[in-house]
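2 protein chains.
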Amino acid sequence: MYLDKAFELVKWTDGQTGSNPAVGCIVVKDNRIVGIGAHLTEGEAHAEVNALNMAGRHAIGATLYCTLEPCSHFGKTPPCTQKIIDSGIKRVVYAVQDKSLHSGIDAMKAHGIVVDQLYISEIDDYYQPFFKAKLRKLPYTILKMGVTLDGKTADDDDVSKWITNEASRNHAHCVRYTSDAILVGYNTYKHDQPTLDSRNYRDKWIRKVVISNGLFEINDKDNNDYDKSRLIVVTTTDQSIDGVTIIVLTDLHPETILEALYLHKINRIIIEGGMQTMRAFVSARTFDEIHQYIAPKILGGSSKHQFLTTDQPSQMSEITDLSLVSVKTFDQDVLLIYRKDDVDVYRHH
Amino acid sequence: MYLDKAFELVKWTDGQTGSNPAVGCIVVKDNRIVGIGAHLTEGEAHAEVNALNMAGRHAIGATLYCTLEPCSHFGKTPPCTQKIIDSGIKRVVYAVQDKSLHSGIDAMKAHGIVVDQLYISEIDDYYQPFFKAKLRKLPYTILKMGVTLDGKTADDDDVSKWITNEASRNHAHCVRYTSDAILVGYNTYKHDQPTLDSRNYRDKWIRKVVISNGLFEINDKDNNDYDKSRLIVVTTTDQSIDGVTIIVLTDLHPETILEALYLHKINRIIIEGGMQTMRAFVSARTFDEIHQYIAPKILGGSSKHQFLTTDQPSQMSEITDLSLVSVKTFDQDVLLIYRKDDVDVYRHH
Numbered sequence: 028m029y030l031d032k033a034f035e036l037v038k039w040t041d042g043q044t045g046s047n048p049a050v051g052c053i054v055v056k057d058n059r060i061v062g063i064g065a066h067l068t069e070g071e072a073h074a075e076v077n078a079l080n081m082a083g084r085h086a087i088g089a090t091l092y093c094t095l096e097p098c099s100h101f102g103k104t105p106p107c108t109q110k111i112i113d114s115g116i117k118r119v120v121y122a123v124q125d126k127s128l129h130s131g132i133d134a135m136k137a138h139g140i141v142v143d144q145l146y147i148s149e150i151d152d153y154y155q156p157f158f159k160a161k162l163r164k165l166p167y168t169i170l171k172m173g174v175t176l177d178g179k180t181a182d183d184d185d186v187s188k189w190i191t192n193e194a195s196r197n198h199a200h201c202v203r204y205t206s207d208a209i210l211v212g213y214n215t216y217k218h219d220q221p222t223l224d225s226r227n228y229r230d231k232w233i234r235k236v237v238i239s240n241g242l243f244e245i246n247d248k249d250n251n252d253y254d255k256s257r258l259i260v261v262t263t264t265d266q267s268i269d270g271v272t273i274i275v276l277t278d279l280h281p282e283t284i285l286e287a288l289y290l291h292k293i294n295r296i297i298i299e300g301g302m303q304t305m306r307a308f309v310s311a312r313t314f315d316e317i318h319q320y321i322a323p324k325i326l327g328g329s330s331k332h333q334f335l336t337t338d339q340p341s342q343m344s345e346i347t348d349l350s351l352v353s354v355k356t357f358d359q360d361v362l363l364i365y366r367k368d369d370v371d372v373y374r375h376h
Numbered sequence: 028m029y030l031d032k033a034f035e036l037v038k039w040t041d042g043q044t045g046s047n048p049a050v051g052c053i054v055v056k057d058n059r060i061v062g063i064g065a066h067l068t069e070g071e072a073h074a075e076v077n078a079l080n081m082a083g084r085h086a087i088g089a090t091l092y093c094t095l096e097p098c099s100h101f102g103k104t105p106p107c108t109q110k111i112i113d114s115g116i117k118r119v120v121y122a123v124q125d126k127s128l129h130s131g132i133d134a135m136k137a138h139g140i141v142v143d144q145l146y147i148s149e150i151d152d153y154y155q156p157f158f159k160a161k162l163r164k165l166p167y168t169i170l171k172m173g174v175t176l177d178g179k180t181a182d183d184d185d186v187s188k189w190i191t192n193e194a195s196r197n198h199a200h201c202v203r204y205t206s207d208a209i210l211v212g213y214n215t216y217k218h219d220q221p222t223l224d225s226r227n228y229r230d231k232w233i234r235k236v237v238i239s240n241g242l243f244e245i246n247d248k249d250n251n252d253y254d255k256s257r258l259i260v261v262t263t264t265d266q267s268i269d270g271v272t273i274i275v276l277t278d279l280h281p282e283t284i285l286e287a288l289y290l291h292k293i294n295r296i297i298i299e300g301g302m303q304t305m306r307a308f309v310s311a312r313t314f315d316e317i318h319q320y321i322a323p324k325i326l327g328g329s330s331k332h333q334f335l336t337t338d339q340p341s342q343m344s345e346i347t348d349l350s351l352v353s354v355k356t357f358d359q360d361v362l363l364i365y366r367k368d369d370v371d372v373y374r375h376h
C-alpha cells in the first residue's frame with residue numbers, strides 16, 4: 028500500500044531526474060505517514076534523504092518504504108544507507124533491487140535494521156529501461172512512428188502531419204518527456220524542421236540528435252542559443268558549429284551511434300524518423316521498443332513512406348520476434364507497444 | 028435483464044440462420060421464465076414461436092421479451108404477431124425495431140397488448156449488418172487481413188501462412204461462421220488452395236466465392252460434390268463446371284460483384300485476399316468493415332504484399348475516414364476493427 032504511494036511519486040517525477048532513476052519514498056510510523064520524499068533533480072537529494080528530512084525525529088523506530096533499493100555509494104550525494112542508519116529507522120521495505128550498484132543491505136542489517144523486499148512487477152517493469160541502459164552502456168531505444176492503417180508514415184508528397192490525432196501526439200510528448208533525446212535523420216531535420224520537444228505535456232530541455240552523413244546545416248528555427256544547446260550532430264565529416272555538440276564517428280552504424288550517445292549521458296532515446304533512419308535501426312536490431320500509433324486512415328499510393336521496406340527480399344524465416352506489451356487507444360487512434368525479446372543485449376557487429 | 032438473456036441466445040445461434048437474423052426470446056410470468064426460444068434455422072420456427080410453444084398455457088398474461096420487433100408478415104412461416112395475440116401474452120418488450128419489415132405493433136396494440144421498446148445499443152449494433160444488407164440489397168462486406176507490424180500479408184516468396192497465431196485464426200473462424208461467403212481472387216485460390224471454412228469454431232456449409240477474369244480451373248482439393256456446391260465463380264468469361272455456381276458478369280467492378288452475390292442470398296461476406304482483390308474493394312470503397320489482425324513480427328523486404336499500395340500517388344487529402352469500433356488481443360496478436368463512416372450507402376459507379 029505504501030509502496031504504491033511511493034510509486035505514484037515516481038510517476039510524477041519520471042523524466043526530470045536526468046541519468047538517475049526516479050525514486051519514491053514513504054516513511055511510516057504507527058500507521059501514520061511521517062515522511063514523503065522523491066528524487067527530484069540529478070545531483071540533488073535522493074528520495075530517502077528528502078523523506079527522512081521531512082520525518083525528522085519521527086524516523087526513530089519508523090519503517091521506510093522505497094521503490095528502489097537504497098544506494099550505498101558516494102556518488103554526487105552521500106549514500107542513503109548511512110542516512111537511514113543514522114536516522115533510527117527500524118525497518119526498510121523496497122520493491123526492486125538495484126542491479127547496477129553494490130548492495131547496501133548488509134550494512135543496514137549489521138546495524139539491526141530489518142530489510143525486506145516486497146516485489147511489485149509494475150515497479151520492476153518501470154526500472155527495466157534504466158537497468159538495461161546502465162548495464163549495457165547503451166541508451167534504451169524506442170522506435171516511434173505514426174502510421175495509417177496501410178502502414179504509411181507520410182503521403183507520396185512527403186506530407187506527414189496530421190496522420191495521428193491530438194490525443195496521440197499529447198501521449199507521444201509524455202514519452203518524450205521521460206527520454207533524454209529524440210533522434211532523426213538529416214533529411215527529416217531539413218524537410219520537416221521538427222521542434223522535437225515535449226511542450227504538450229511539460230516542456231523540458233531534451234537533446235535533439237541529428238544523423239548527418241555530410242556537412243550539417245542548422246535550421247533557421249534552431250539558430251538560437253537554447254536550441255543549439257539541445258543539438259547533437261552525429262556525423263562522419265569533421266566540422267564544427269558554434270554552440271552545437273558535434274560527434275564525429277568513423278561509421279554511422281546504429282550501435283556505434285548509440286555507444287557514442289550513451290557517453291553523452293543519453294540513457295533513453297526515441298528514434299522518430301525518417302524511414303531511412305528507422306530502417307537502419309530495425310535492420311541492425313538496435314532497438315528495445317517499437318511504439319506504433321495507428322490512425323484510422325488509408326493512404327494507398329506507393330511504398331515510399333512505408334514502414335518497413337528494405338532492399339533485401341523478405342522471408343518468413345527472417346521474422347523478428349517481438350512481444351506485445353501494451354495496447355492503448357487515444358480516441359480513434361491505437362498505440363501498440365512492442366518490446367524486442369532479446370532486449371538485454373544488442374547483437375554485436 | 029431478460030433482454031440480455033434473449034441476446035445471449037442470439038450470440039449462440041449467430042451464423043446458423045441463413046439470410047434471417049438470429050433472434051432470442053424469453054417469456055416471463057410472475058418473475059419466472061416460462062418460455063425460452065431462438066430462431067434456429069431459416070424457414071423454420073421463429074424465436075417467439077419456439078418460446079410460446081414452450082410456455083404453452085403459461086403464456087396467458089405473461090410478458091414476452093424479444094431482441095427484435097416481432098414480424099407481422101407471412102414469409103416462410105406465419106407472422107409471429109398473430110401467434111403472440113393468440114397466445115394470451117399481455118405485454119411485449121423488444122429491443123430493436125425491424126426497419127426492413129412492416130410493423131406489427133399496431134395489430135398487437137389493437138388486441139390490448141402493451142408494447143414497449145427497451146433500446147439496447149449493443150443489440151442494435153448486432154443487427155446493423157442485417158439491416159444494411161437488406162435495405163441496400165448488397166452484402167455487408169468485411170475486408171479481413173493478417174499483417175505483420177510493417178503491414179505485410181506475405182513474404183516476398185508469397186508465403187503467407189503463420190503470420191497470425193492460432194488464437195487469431197480461431198477468432199477469424201468465428202467471424203467466418205457468422206458470414207455467408209468468403210471471397211478470394213483466382214491467384215490466391217490457385218496458389219494457396221485455401222479451405223476457407225470455419226472448422227476451428229463450428230463447421231458450416233459456407234460459400235466460397237472466387238473472382239476469375241478468364242477460365243476457372245477447379246483445385247484438386249475442391250474436386251468433390253461438397254466443395255463444388257460451396258463454390259461460386261464470378262467471371263466475365265462464359266463457362267460452366269458441373270456442380271459449381273458460375274456468375275457471368277459484364278464487368279468485375281466490386282459493386283457489380285456484390286450486387287450479383289446478394290441475389291444468391293449472400294448477406295454477409297468476408298474478402299480475404301489476395302492483395303489485388305483487397306485493393307480493388309478498398310479503392311472502390313465497397314466495404315463496411317476492415318478486420319486487421321496484427322502479428323508481432325517484422326518482415327521487411329519489398330512492398331509486393333503490402334496492404335495497401337495503389338497505382339495512384341497518395342495524398343493526405345484522399346484519406347478514407349474510418350471509425351475504430353473494436354480492439355481485441357489474441358495472445359500477442361491484436362485485432363483492430365474499423366467501420367467505414369459512410370457505411371449506409373456505397374458510392375455508386
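Going down the list, the sequences are from chains F and V. With positions in the first sequence counted from 1, the corresponding number in the working numbering is that position plus 27. With positions in the second sequence counted from 1, the corresponding number in the working numbering is that position plus 27. For every residue, glycine included, the Cβ atom is placed at its ideal position computed from N, Cα and C.
Considering only the alpha carbon of each residue, which of F:Gly-45, F:Gly-42 and F:Ala-65 lies closest to Gly-51 (chain F)?
As a working mapping, residue 51 (chain F) is identified with position 24 in the first sequence. Comparing Cα-Cα distances from Gly-51 (chain F) to each of F:Gly-45, F:Gly-42 and F:Ala-65, the minimum goes to F:Ala-65.
Going by DSSP, what residue range makes up the alpha helix (DSSP H) through Tyr-146 (chain F)?
Residue 146 (chain F) sits at position 119 when you count from the first residue of the first sequence. Where Tyr-146 (chain F) is concerned, there is no enclosing alpha helix (DSSP H), given that its DSSP letter is neither H nor E.
Measuring CA to CA, which of V:Ala-82, V:Leu-91, V:Leu-95 and V:Arg-234 is closest to Gln-155 (chain V)?
By 1-based counting over the second sequence, the position of residue 155 (chain V) is 128. Among V:Ala-82, V:Leu-91, V:Leu-95 and V:Arg-234, the Cα nearest to that of Gln-155 (chain V) is on V:Leu-95.
For Lys-110 (chain F) and Thr-222 (chain F), what's the separation of their Cα atoms in angstroms?
For the purposes of this step, residue 110 (chain F) is taken as residue 83 along the first sequence, with counting starting at 1. For the purposes of this step, residue 222 (chain F) is taken as residue 195 along the first sequence, with counting starting at 1. Their backbone Cα atoms lie some 43 Å apart in a straight line.
By the three-class DSSP mapping on this structure, what secondary structure does Val-271 (chain V) have?
Here residue 271 (chain V) refers to the residue found at position 244 when the second sequence is read from its first residue. DSSP places Val-271 (chain V) in coil when its eight states are reduced to three.
From which residue to which residue does the alpha helix (DSSP H) around Val-76 (chain F) run?
Working through the first sequence from its first residue, we reach residue 76 (chain F) at position 49. Val-76 (chain F) -> alpha helix (DSSP H) spans 74-82.
For Asp-315 (chain V), which residues in the same chain have their Cβ closer than 8 Å to its Cβ, ignoring the five residues on either side in sequence?
Mapped onto the second sequence, residue 315 (chain V) falls at position 288. Here the set comprises Pro-156, Lys-159, Tyr-167, Thr-168, Ile-169, Arg-366, Lys-367 and Val-370.
Where Pro-323 (chain F) meets chain V, residues with beta-carbon distance less than 8 Å:
For the purposes of this step, residue 323 (chain F) is identified with residue 296 of the first sequence, where counting begins at 1. The contacting residues are Asp-348, Leu-349, Ser-350, Leu-351 and Tyr-365.
Below 7 Å on C-beta distance, what does Gln-359 (chain V) contact in chain F?
Translated into positions along the second sequence, residue 359 (chain V) becomes position 332. In chain order: Ser-350 and Leu-351.
I'd like to know if the region 118-128 of chain V and the region 244-261 of chain V are in contact, where contact means that at least 3 CB-CB pairs between them fall below 8 Å.
Put simply, the region 118-128 of chain V does not touch the region 244-261 of chain V. Fewer than three CB pairs are less than 8 Å apart.
Are the C-beta of Val-202 (chain F) and some C-beta of chain V separated by less than 7 Å?
On the first sequence, residue 202 (chain F) is found 175 positions in, with the first residue counted as 1. It does not; no Cβ of chain V falls within 7 Å.
Specify the secondary structure class of Tyr-365 (chain F) as computed by DSSP and reduced to three states.
Position 338 of the first sequence holds residue 365 (chain F). It is a strand residue.
What does the alpha-carbon distance come out to for the pair Asp-18 (chain F) and Leu-288 (chain F)?
Absent from the model: residue 18 (chain F). The displayed extent of chain F is 28 to 376, so no value can be given.
Could you please tell me which residues of the region 249-282 of chain V, in chain order, have their CB closer than 8 Å to any CB of chain F?
Cβ contacts with chain F: none found.
Below 7 Å CB to CB, which residues in the same chain sit around Leu-351 (chain V) once its five sequence neighbours on both sides are set aside?
Walking along the second sequence from the start, residue 351 (chain V) turns up at place 324. Cβ neighbours of Leu-351 (chain V) beyond the five flanking positions: Leu-363 and Tyr-365.
Would you call the region 275-289 of chain F and the region 248-257 of chain F in contact, with 3 or more CB pairs under 8 Å?
Segments in contact, no.
What are the residues of the region 182-208 of chain F that lie near chain V, defined by any Cβ-Cβ distance shorter than 9 Å?
Against chain V - using a Cβ distance shorter than 9 Å - the residues of the region 182-208 of chain F are Asp-182, Asp-183, Asp-184, Val-186, Ser-187, Lys-188, Trp-189 and Ile-190.
Can you tell me which of V:Leu-326, V:Asp-207 and V:Ser-195 puts its alpha carbon nearest to the alpha carbon of Gln-319 (chain V)?
By 1-based counting over the second sequence, the position of residue 319 (chain V) is 292. Taking only the C-alpha atoms, the option nearest Gln-319 (chain V) is V:Ser-195.
Answer yes or no: do Gly-115 (chain V) and Ile-87 (chain V) have a C-beta to C-beta separation smaller than 7 Å?
Within the second sequence, residue 115 (chain V) is the residue found at index 88, counting from 1. Within the second sequence, residue 87 (chain V) is the residue found at index 60, counting from 1. Taking 7 Å as the Cβ cut-off, Gly-115 (chain V) and Ile-87 (chain V) qualify as a contacting pair.
Report yes or no: do the region 288-308 of chain V and the region 206-221 of chain V share at least 3 C-beta pairs separated by less than 8 Å?
Because the criterion of three Cβ pairs below 8 Å is met, the region 288-308 of chain V and the region 206-221 of chain V touch.
In whole angstroms, what separates the C-alpha of His-200 (chain F) from that of Gln-303 (chain F)?
On the first sequence, residue 200 (chain F) is found 173 positions in, with the first residue counted as 1. On the first sequence, residue 303 (chain F) is found 276 positions in, with the first residue counted as 1. Approximately 23 Å between the Cα atoms of the pair.
Count the other CB atoms within 10 Å of the CB of Asp-269 (chain V); is the residue buried (16 or more) or exposed (fewer)?
Mapped onto the second sequence, residue 269 (chain V) falls at position 242. Exposure of Asp-269 (chain V) is indicated by the presence of fewer than 16 other C-beta atoms within 10 angstroms of its C-beta.
Anyone know if the C-beta pair for Leu-242 (chain F) and Gln-266 (chain F) falls short of 7 Å?
Here residue 242 (chain F) refers to the residue found at position 215 when the first sequence is read from its first residue. Here residue 266 (chain F) refers to the residue found at position 239 when the first sequence is read from its first residue. Yes, they are a contact pair.
Please go through the region 57-134 of chain V and give each complete alpha helix (DSSP H) segment of 4 or more residues, from N-terminal end onward.
For the alpha helix (DSSP H) assignment, the uninterrupted runs of no fewer than 4 residues enclosed by the region 57-134 of chain V are, from N- to C-terminal side, 74-82 and 107-114.
Can you pull out the residues from the region 162-180 of chain V whose beta carbon lies closer than 9 Å to at least one beta carbon of chain F?
Those residues of the region 162-180 of chain V that come within reach of chain F (Cβ to Cβ, closer than 9 Å) are Val-174, Thr-175, Leu-176, Asp-177, Gly-178 and Lys-179.
Run of the beta strand (DSSP E) containing Ala-208 (chain V), from where it starts to where it stops
Here residue 208 (chain V) refers to the residue found at position 181 of the second sequence. From DSSP, the beta strand (DSSP E) with Ala-208 (chain V) extends over 208-212.
For a contact meaning CB atoms closer than 9 Å, what does Gln-319 (chain F) contact in chain V?
Translated into the one-based positions of the first sequence, residue 319 (chain F) becomes position 292. In chain order: Leu-176 and Ile-321.
Boundaries of the alpha helix (DSSP H) in which Tyr-289 (chain V) is found, first to last residue:
On the second sequence, residue 289 (chain V) is found 262 positions in, with the first residue counted as 1. Its alpha helix (DSSP H) spans residues 281-290.
Within 10 angstroms of its Cβ, does Ser-187 (chain F) collect 16 or more other Cβ (buried), or is it exposed?
Residue mapping note: residue 187 (chain F) aligns to position 160 of the first sequence, counting from 1. Ser-187 (chain F) comes out buried.
Residues of its chain near Leu-145 (chain V), where Cβ-Cβ distance is below 8 Å and the 5 sequence neighbours each way are ignored:
As a first step, residue 145 (chain V) must be located in the second sequence, where it is residue number 118. Beyond the five residues adjoining it in sequence on each side, Leu-145 (chain V) comes within less than 8 Å, by CB distance, of Leu-30, Val-120, Tyr-121 and Ala-122 in the same chain, given in chain order.
Do Asn-47 (chain F) and Glu-75 (chain F) have their C-beta atoms within less than 7 Å of each other?
Sequence index remark: in the first sequence, residue 47 (chain F) carries index 20 (1-based). Sequence index remark: in the first sequence, residue 75 (chain F) carries index 48 (1-based). Cβ atoms of Asn-47 (chain F) and Glu-75 (chain F): not closer than 7 Å.
State yes or no: is the beta carbon of Gly-300 (chain F) nearer than 7 Å to at least one beta carbon in chain V?
Position 273 of the first sequence, counting from 1, holds the residue named residue 300 (chain F). Output row for Gly-300 (chain F): interface = no.
Indicate whether Ile-297 (chain F) and Lys-217 (chain F) have their beta-carbon atoms separated by less than 7 Å.
Translated into positions along the first sequence, residue 297 (chain F) becomes position 270. Translated into positions along the first sequence, residue 217 (chain F) becomes position 190. Against a cut-off of 7 Å, the Cβ pair of Lys-217 (chain F) and Ile-297 (chain F) comes out as no contact.
Residues of chain F with a CB under 8 Å from the CB of Thr-102 (chain V): which are they?
Here the question's residue 102 (chain V) lines up with position 75 in the second sequence. With the sequence shown as reference, residue 102 (chain V) is identified as Gly, and Thr is not the correct amino acid for it. Contact of Gly-102 (chain V) with chain F by beta-carbon distance below 8 Å is absent, the smallest such distance being about 39 Å.
Of the residues V:Gly-300, V:Ser-239 and V:Glu-299, the one placed nearest Thr-272 (chain V), counting alpha carbons only:
By one-based count along the second sequence, residue 272 (chain V) stands at place 245. A check of alpha carbon separations from Thr-272 (chain V) across V:Gly-300, V:Ser-239 and V:Glu-299 identifies V:Ser-239 as the nearest.
Find the residues of chain F that neighbour Gln-144 (chain V), judging by a C-beta separation of less than 8 Å, and give them in chain order.
Residue 144 (chain V) sits at position 117 when you count from the first residue of the second sequence. Gln-144 (chain V) does not reach chain F, its nearest Cβ partner there being about 30 Å away, counting only Cβ pairs nearer than 8 Å.
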